[in-house]
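Participant: In the numbering used here, the protein residues as written are 117 to 502.
Take this structure, written in structure tokens, and hold onto it; I'll ask about it next.
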């Protein structure tokens, strides 16, 4: 249950309906599993078909393709509500529904969409995107996974690293080198049963435990030419075109974490007594709660505004980066304050705020580090005025 009052952001009816349905599902089905997901680093695969029944996997997919035909604002809100219950589930959900499903929806051929979207949207299959490598993160063009042209397709050799959902994915959007430099990268659709494709090490993480992160190994993996998604050697365009949407949608993760922090802290400070008074009556604690709330609402307003611009086809790269920059740094700060507000209790596993802090740190790093986001924003703004 939310501990803060609702604020009217002027959301359309579709967004309100998505929020209500997702919040109800998150409270009933996801929240009871959240502690186990984190403690056991367990991926709750059974949630995927249930989320599919709600239409959550295909929010941005056109109705004639089996989706809801809605927009990125709706998608942000769905990610926010899932993440309020479990940021780990929210991360895997965002990687599935945005990084994989939405990219196939935007770039797949009619045949590829018909083949892959139904099972991804229903939740029968799990999706993933594989871009990063051990030596290629922010500098994505330096990737080493090589796709050599052979009769009928390509043979892939190399590895990918830091891949969300990699352990369980049935369908993966994979970027590989088909030439030199930025004009020599191609996106491929890979199936988990392709010969020569396997899962390497599973990565043990500080936070977002239960959202599986893995190494992918390609050893003479033959990929038919029909599996190219988008133009041959046009993979950087495919990748970058989706990055703005990825950043905006994943900002919803941090909104969910901040809401969870307030939902935990406010009841606690009302009940916890020191010096004969509830600690929520002390001005220092009231100021702390006020700062947490303003941080959440500020990030919410910016993220929702940028999501609306995505839906209107007016996205700016620097604002997409700005929204997740504000949300990520605000969430880590708010989660730290939540731990502080609970004092010793906050530093124990008995309360979830230590998990919120660990989970919040990821998006200072993932989907492009905050250093890269600042560089992009500054470069775009200065260049725009040149």
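From the three backbone atoms N, C-alpha and C, an ideal C-beta is built for every residue, glycine too.
The structure presented is a predicted model; accordingly, all values stated were derived computationally and were not measured.
Checking the sheet assignment: what are the DSSP bridge partners for residue 489?
Facilitator: In the DSSP output, where bridge partners are listed per residue, residue 489 has none listed.
Participant: Flag this pair as touching only if the segment 233-241 and the segment 310-326 have three or more C-beta atom pairs under 8 Å; answer yes or no.
Facilitator: Judged by Cβ distances under 8 Å, the segment 233-241 makes no contact with the segment 310-326, as fewer than three pairs qualify.
Participant: Classify residue 210: buried if its beta carbon has 16 or more other beta carbons within 10 angstroms, exposed otherwise.
Facilitator: Buried is the call here.
Participant: Touch check for the segment 429-439 and the segment 454-461: three-plus C-beta pairs under 8 Å?
Facilitator: Too few Cβ pairs lie closer than 8 Å, so no.
Participant: Which first and last residues belong to the beta strand (DSSP E) in which residue 314 is found?
Facilitator: That run of the beta strand (DSSP E) goes 313-318.
Participant: Enumerate in chain order the residues of its own chain whose CB-to-CB distance from residue 502 is below 6 Å, with the five nearest sequence positions on each side excluded.
Facilitator: Bear in mind that the predicted position of residue 502 carries a pLDDT of just 47, short of 50, making it unreliable; the figure below should be weighed with that in mind. Closer than 6 Å at Cβ, skipping near neighbours: no residue.
Participant: Helix, strand or coil for residue 430 per DSSP?
Facilitator: Residue 430: coil per DSSP, three-state reduction.
Participant: Tell me which same chain residues have a C-beta within less than 6 Å of the C-beta of residue 186, skipping the five on either side of it?
Facilitator: Closer than 6 Å at the Cβ level, and outside the excluded window around residue 186, lie 130, 175.
Participant: Taking residue 139 as part of the alpha helix (DSSP H), name the residues at either end of that continuous run.
Facilitator: Residues 129-141.
Participant: Within this structure, are the beta carbons of residue 483 and residue 446 separated by less than 8 Å?
Facilitator: Cβ distance not < 8 Å, so residue 483 and residue 446 don't count as in contact.
Participant: Whole alpha helix (DSSP H) runs in the segment 189-273 with 4 or more residues, listed along the chain?
Facilitator: 203-210, 219-223, 226-238, all fully within the segment 189-273.
Participant: Closest to residue 439 by C-alpha separation, out of 428, 171, 480, 474, would be which residue?
Facilitator: Comparing Cα-Cα distances from residue 439 to each of 428, 171, 480, 474, the minimum goes to 480.
Participant: Spatial neighbours of residue 286 within its chain, please: CB distance less than 6 Å, with the 5 preceding and 5 following residues excluded, ordered by chain position.
Facilitator: Excluding positions up to five away in sequence, the list reads 241, 242, 308.
Participant: With distance defined between alpha-carbon atoms, name the residue in 122, 152, 142 nearest to residue 471.
Facilitator: Of the candidates 122, 152, 142, the one whose C-alpha sits nearest the C-alpha of residue 471 is 152.
Participant: Run the CB neighbour count on residue 180, radius 10 Å, all protein chains shown included, and call it buried at 16 or more, exposed below.
Facilitator: Residue 180 comes out exposed.
Participant: My output table needs one value for residue 481: the three-state DSSP class, helix, strand or coil.
Facilitator: Coil, per DSSP.
Participant: Quick one: what does DSSP say residue 403 is sitting in, helix, strand or coil?
Facilitator: Of the three classes helix, strand and coil, the one that applies to residue 403 here is helix, per DSSP.
Participant: Following the continuous beta strand (DSSP E) through residue 290, name the residue where it begins and the one where it ends.
Facilitator: Segment 287-293, the beta strand (DSSP E) holding residue 290.
Participant: In the DSSP assignment, what residue or residues form a beta bridge with residue 369?
Facilitator: Note: residue 369 sits in no beta bridge, so no partner.
Participant: Return the Cβ separation of residue 364 and residue 188 in integer angstroms, given the expectation that the two are a contact with Cβ distance under 8 Å.
Facilitator: Contact flag correct, Cβ pair sits at about 6 Å.
Participant: So, with DSSP's three-state summary, where would you put residue 152?
Facilitator: Note: residue 152 maps to helix in three-state DSSP.
Participant: Can you round the beta-carbon distance between residue 341 and residue 215 to whole angstroms, since I take them to be within the 8 Å contact cut?
Facilitator: Not really, about 23 Å apart at Cβ, beyond 8 Å.
Participant: Pairing CB atoms from the segment 458-472 with CB atoms from the segment 190-200, are three or more of them under 8 Å?
Facilitator: As far as the Cβ criterion goes, the segment 458-472 does not touch the segment 190-200, which means the pair count is below three.
Participant: Apart from the five residues on each side of it in sequence, which residues of its chain come closer than 6 Å, Cβ to Cβ, to residue 222?
Facilitator: Excluding residues within five positions, none has a Cβ falling inside 6 Å.
Participant: Which class does residue 380 belong to by DSSP, given the choice of helix, strand or coil?
Facilitator: In the structure shown, residue 380 sits in a helix (DSSP, three-state: H, G or I).
Participant: So, are the CB atoms of residue 200 and residue 372 less than 8 Å apart?
Facilitator: Yes, they are a contact pair.
Participant: Does the beta-carbon distance from residue 328 to residue 284 come in below 8 Å?
Facilitator: Yes, they are a contact pair.
Participant: Should residue 397 be labelled buried (16 or more other beta-carbon atoms within 10 Å of its own) or exposed?
Facilitator: Exposed: under 16 other Cβ atoms inside 10 Å.
Participant: Assuming residue 323 and residue 478 form a contact by the criterion Cβ under 8 Å, report the distance between their Cβ atoms to the nearest whole angstrom.
Facilitator: Their Cβ separation, rounded to whole angstroms, is 6 Å, which keeps residue 323 and residue 478 in contact under 8 Å.
Participant: So, at 6 Å on beta carbons, what are the nonlocal neighbours of residue 358 in its own chain, with the 5 sequence-adjacent residues on each side left out?
Facilitator: Taken in chain order, the residues that qualify are 219.
Participant: By DSSP, does residue 466 sit in helix, in strand, or in coil?
Facilitator: Of the three classes helix, strand and coil, the one that applies to residue 466 here is coil, per DSSP.
Participant: With 16 as the cutoff for other CB atoms within 10 Å, does residue 402 come out buried or exposed?
Facilitator: Exposed is the call here.
Participant: Hey, quick one: how far does the alpha helix (DSSP H) through residue 331 stretch, first residue to last?
Facilitator: Note, residue 331: premise wrong, no alpha helix (DSSP H); beta strand (DSSP E) at 329-340.
Participant: Which residues bound the alpha helix (DSSP H) around residue 166?
Facilitator: It spans 163-169 - the alpha helix (DSSP H) in which residue 166 sits, taken as one unbroken run.
Participant: Closest to residue 333 by C-alpha separation, out of 236, 173, 443, 263, would be which residue?
Facilitator: Minimum Cα distance to residue 333 is reached at 263.
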